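To start, the structure itself, in structure tokens.
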Amino acid sequence: MFNLPRLNIGKVSLLLAILTWLSLLFVDITRIFQFVNGMAPSMSPEISYTLEILFFILVYVFYNDSLQKNENTDFLNMIWRGASTGLLALIVAFGVNMFYKMLGETRLAQDPLLSNFFYHVIFALVSIFLISNALLWRHLILYQKTKKVVQQWQAFEVLLLVSMFFVYINGNVMDYSFLFGLVFLGIFSATLSINLKWIPYLTFKEKWKSILFLSIIIASTSYLLLELLSYSDSDIAFVNLTDSLFLMGLSTFVFLYALSSFLVTLFNLPTSSVFEQKLVEAINFQRLSQSIKPGQDENQVLDILVDSSMSASYADAGWLEMVESGNEKQILHERFIDAQIRTEITELIERTKPFSDFSWSDSDNLSKKYLGKLRHPIYQSAFIVPLVVNQQTIGRLILAKEVKDGFNKEMVNIITTFVGQACISVENYRLLSDAIRTERYKEELKIAQRVQRSLLPRVLHHDETFDICGFSQAADEVGGDYYETKELDKGQYAIIIGDVSGKGTSAAFNMSQMKGIFHSLVQTNPNPTEFIEKANVALGRCLEKNHFITTTYCHLDTNRKEIRYCRAGHCPTLYYNAKSENAEYLSSDGLGLGILRNSQYGRYIHESSIGYGPGDIFLMYTDGIIEAKNKMGVEFGYERLKSVLKDSHRLAAAEIQQYIISQVFDFVGETGIPDDDFTMMVIKFHS
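Numbered as in our numbering, the sequence shown ends at 687 without a single skipped number.
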């Protein structure tokens, strides 16, 4: 038997669309020929209307197939596709107008065949632009879709289909019925235009680009709409194609959604919605990490897990299935689903790939996620996340949605993080319940140490004009000190050092929050004052009331040989001037992050700057250095640190760091016990 080649819907629909357009052009040119030669018309307007509708449908099929093949295209590329199509249509339409202006009153300008040809070209380009953009908007509207939004879009598509055939009733004449239909489509378009859940996931740079692309789409839609209206009373066409209710309704929809997206994106620039969402996720993460305490049971963390996961994924139903003693399974924390439907879905899951691959005895379940479609009359997609403790699967979280492909990548990552933290919390409780306090503590510390090591940078950013090195040692097994750098632009660097109040794992978790805030804020290249103020707002939402963080944030500019810095309750930076051979502490007022959590905080922050030269040294450190005590209870102190830096100023940055640390440990002595974390960063300038 011969295998027939697979039909390429996109290519076939494109070819048919071109042939349909040529047929439409031929029919209208035939009318012109008959009119010029005084012949009776042999083709009714309905032939043109039929070809017009067929052309719309074929263009829709072509672009719909193209989008399905490239469904993983990011938002910015999708908007650019719409903008580039509009730009092409805009250029051609503008070029045609300029061409006729150049012709003036010549005979060629009055030629009906040429005019009719350009009329059909504009009609085709406008149709392609509007239909392709409508399909792009559909993809954006249905991002993180719900059943209600899907139903609204399906109803809108039906209305657009009906509007295509409206031409058989009124013949593309703008009467009262036409205006009523246009107003109705406009109201529906405005309702759909509020679905903008994709915008928060754009970065600051992507938002600026999307504003530019949306501006092009708005301008293109406006100009092309006016171009369509200009043909209303024109004698170019014997059968009017452009006053179509479908095209006018589609223009309204494309314009309203582009305008709504433009305004929301513009107003989202000052405060990043992504950052706010990540803070909410961090707070939920913290709630899970702190939900298990001695004397409480694990139901609390599991209840928070279900609520947080359903909120993050917009799930329509969910429940937890846990394994009890004797391998009996128990259903816990059901949400928005009754026992009968839950049983139906469970049975369906057991025989549907990839859910049927789930095994309770699989020791590798920790790295697996089960996501796919369901053939159920109500719920169309599901997501299963195993709960694994001590390499044993103790349960699974099942989430269901009423739409197909309801769980996207961001949802999956967030829920997996929640489940991972919930498993850690459940593990901690079970260890406490079994009175294995020592073993639980060791396991916690190993996890925290790995987390902390991963949070501290392996490489500090710098160029050939300066050297930089960092050192950190926790007083306990884990600590709360933090330092990092970030290259903002050529010759410009962000440098931060911080000290979290408290010790142990809670300090380490707060340190991770500080790292996330640093990476989020430096993307906008803020000045030191802006960074400190925004970091205070962010930390005020997630730190406990009795916790705070001290920090010093610097902006190093090697082009201007200048350092701008802002201190938030942190130890003053020690600066060695090679020219004067003197060291001094750079003090500026500042209040720790999270101490004052209102708009008055900015009054307590002051930004300073200092120029530097070759051989100068910039020493940033935490209070564990100066408060280190020897066996007599005497602190290492500020003056001793200044003296040690002067003694070692001729060494390289890494050698200066080693020398200072060795002096601190020599001072503390073998019997001395560090009271706090030791952390420092040494920057030495070459030019």
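Glycine included, every Cβ here is placed at the ideal spot set by N, Cα and C. None of these values were measured; they are calculated from a predicted model.
Could you name the residues that DSSP lists as bridge partners for residue i?
i, result
"Trp319", "Ile398"
"Gly372", "Ala382"
"Leu431", "Note: Leu431 sits in no beta bridge, so no partner."
"Phe213", "Its beta-bridge partners do not exist; DSSP assigns none."
"Ile610", "Ile563"
"Tyr493", "Glu487, Leu556"
"Leu593", "Ile549"
"Ala583", "Tyr576"
"Glu635", "Lys629"
"Thr393", "Val388"
What's the C-alpha gap between residue i and residue j?
i, j, result
"Ser687", "Pro457", "25 Å"
"Glu581", "Lys684", "14 Å"
"Ile211", "Gln144", "22 Å"
"Leu196", "Ile141", "6 Å"
"Gly395", "Thr146", "27 Å"
"Gly295", "Asn390", "In this predicted model, Gly295 has a pLDDT of only 48, less than 50, meaning its place in the structure is not dependable enough to derive any value."
"Asn97", "Asn77", "30 Å"
"Ala578", "Asp616", "5 Å"
"Gly82", "Gly420", "40 Å"
"Val59", "Lys205", "33 Å"
"Gly480", "Asp307", "30 Å"
"Asn268", "Leu202", "10 Å"
"Gln657", "Gly624", "15 Å"
"Thr505", "Lys329", "33 Å"
"His547", "Val61", "58 Å"
"Ser106", "Leu87", "A small correction: the amino acid at residue 106 is Thr; Ser does not occupy that position in the sequence shown. Approximately 29 Å, taken between the alpha carbons."
"Leu214", "Trp198", "14 Å"
"Val323", "Thr416", "19 Å"
"Leu431", "Gln340", "36 Å"
"Phe246", "Leu15", "23 Å"
"Asn116", "Ile29", "7 Å"
"Leu135", "Tyr314", "23 Å"
What residue from the options has the CA that sits closest to residue i's CA?
i, options, result
"Ala400", "Tyr483, Ile549, Met310", "Met310"
"Met680", "Lys646, His649, Met632, Ile496", "Ile496"
"Leu256", "Tyr482, Trp208, Ala508, Ala190", "Ala190"
"Val634", "Val668, Asp616, Tyr601", "Val668"
"His462", "Glu487, Glu607, Tyr576", "Glu487"
"Asp316", "Gly249, Ile29, Gly491, Lys404", "Lys404"
"Ala93", "Gly592, Leu19, Leu224, Phe178", "Leu224"
"Glu533", "Leu521, Glu544, Cys542, Ile414", "Leu521"
"Ala538", "Met514, Gln657, Glu484, Gly480", "Met514"
"Arg640", "Arg650, Met632, Ala628", "Ala628"
"Asn37", "Trp21, Pro112, Ser48, Tyr49", "Pro112"
"Gln152", "Leu185, Ala124, Ile169", "Leu185"
"Leu121", "Asp364, Glu105, Gly95, Ala134", "Residue identity check: residue 121 is Val in the sequence provided, not Leu. Answer by Cα proximity: Gly95."
"Ser402", "Val61, Pro377, Ser48, Phe129", "Note on identity: in this sequence residue 402 is Glu, with Ser being the wrong assignment. Among Val61, Pro377, Ser48, Phe129, the Cα nearest to that of Glu402 is on Pro377."
"Gly613", "Leu259, Leu125, Gly502, Arg560", "Arg560"
"Phe678", "Leu229, Asp499, Leu182, Phe118", "Asp499"
"Ser220", "Val149, Thr85, Ala339, Glu347", "Thr85"
"Thr552", "Phe518, Leu136, Ile337, Ser313", "Phe518"
"Pro200", "Leu245, Ser261, Ile563, Ser608", "Ser261"
"Asn510", "Gly470, Ser472, Asp467, Gly594", "Gly594"
"Thr485", "His555, Lys101, Phe178", "His555"
"Gly406", "Pro45, His139, Leu114", "His139"
Measure how close the beta-carbons of residue i and residue j come, nearest whole angstrom, since I'm counting them as under 8 Å.
i, j, result
"Tyr370", "Phe355", "5 Å"
"Val385", "Leu397", "5 Å"
"Ile331", "Glu321", "6 Å"
"Val27", "Met43", "6 Å"
Quick check on the DSSP output: the beta strand (DSSP E) that includes residue i runs from which residue to which?
i, result
"Ala568", "562–568"
"Tyr60", "Element bounds for Tyr60: not the beta strand (DSSP E) but the alpha helix (DSSP H), 45–69."
"Phe548", "From DSSP, Phe548 is part of no beta strand (DSSP E); its letter is neither H nor E."
"Ala258", "Unbroken run through Ala258 is the alpha helix (DSSP H), 245–268; no beta strand (DSSP E)."
"Phe685", "678–685"
"Met620", "617–621"
"Glu334", "329–335"
"Gln473", "466–473"
Residue i lies in the alpha helix (DSSP H); which residues open and close that run?
i, result
"Cys542", "528–542"
"Asn577", "Taken as a continuous stretch (DSSP letters only), Asn577 belongs to no alpha helix (DSSP H), being part of the beta strand (DSSP E) at 573–577."
"Met310", "299–313"
"Tyr100", "75–103"
"Glu639", "638–647"
"Leu177", "For clarity, residue 177 is Ser in the given sequence; the question names Leu instead. Unbroken alpha helix (DSSP H) run through Ser177: 176–192."
"Val126", "112–141"
Shorter than 9 Å from the beta carbon of residue i to some beta carbon of chain B?
i, result
"Phe418", "Here there is only one protein chain, and chain B is not present."
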